[in-house]
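Input: a single structure, listed below in structure tokens.
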Amino acid sequence: MAFFLDSDFEYHLSPVPAERRLAICSECFDPTTDKEVKKIVYPKSDEQKERIRHAMKNGFIFQSLEPEQVTEVIDAMFEKQVFSGERLIEQGIGTDCFYIIEKGQFDVLVSKDGEEATELDKTYKNEGSFGEVALICNSPQSATVVAVTDGILWAIDRKTFKRIVSTAAHHNREL
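Here our numbering = 1-based position in the sequence shown + 635.
So this is what it looks like as structure tokens:
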């Protein structure tokens, strides 16, 4: 079974197997109507910025960004404190944040049979990232991520990320 989102923005079960996605959709952003948006900057040390930059290097979504866009994304990331047992991402449910681990241990759990995600797929300890697909679309997540210990994450939401990328692309087209 898989989940799908109807026109009333409610999730329903679908007879389509979970391995096959029905569609990927995302919100629109029009940089021509939002020219007055100010840059978002959350304070970080140079060391924190460098760790975030390093964590972004292998992410497919960040590889096509210009250096100025990468800097703006890093500036817009906010600190999120998490507690042991906290579920950050739920398998089968959409999310809108991408996370980079500053400190803590996080388990990635999956469910193969549609039940609660309990099968350990991966463990992150004091480094790594998750939720990258959330920056481009609001599709059901393929795994659950749970904090094993208290920790600190850097996060950015889809709306802020899209604003940064769309505004830069629009500016480049105007030149």
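Note that the Cβ used here is the ideal one computed from N, Cα and C, for glycine as well.
- According to DSSP, THR779 shares a beta bridge with LEU744.
- ASP792 has CYS732 as its beta-bridge partners, per DSSP.
- Sequence-distant partners of GLN726 (beyond 5 residues in either direction) whose C-beta falls short of 8 Å from its own C-beta, in its chain, are LEU744, VAL745, SER746, ALA752, PRO775, GLN776, SER777, ALA778, THR779.
- Approximately 5 Å separates the beta-carbon atoms of ILE787 and LYS738; this is inside 8 Å, confirming the contact.
- Note on geometry: alpha-carbon atoms of ILE791 and ASP748 lie some 31 Å from one another.
- Cβ-Cβ distances below 8 Å link ARG688 to VAL705, ILE709 in the same chain, with the five nearest sequence neighbours on each side left out; the list follows chain order.
- In the structure shown, the three-state DSSP call for ASP756 is strand.
- When the Cα atoms are used, GLY763 and LEU723 turn out to be separated by approximately 14 Å.
- With a threshold of 16 other beta carbon atoms within 10 Å, PHE718 falls short and is exposed.
- Secondary structure at LYS738: strand, using DSSP grouped into helix, strand and coil.
- Separation of the CB atoms of GLY720 and VAL768 is rounded to 24 Å, and the pair is thereby denied contact status at 8 Å.
- With respect to ALA711, ILE799 sits close: the two C-beta atoms are nearer than 8 Å.
- Looking at the DSSP output, ARG722 bridges to VAL781.
- Distance from the Cα of GLN740 is smallest, within the candidate group LEU755, ASN761, SER801, CYS732, for ASN761.
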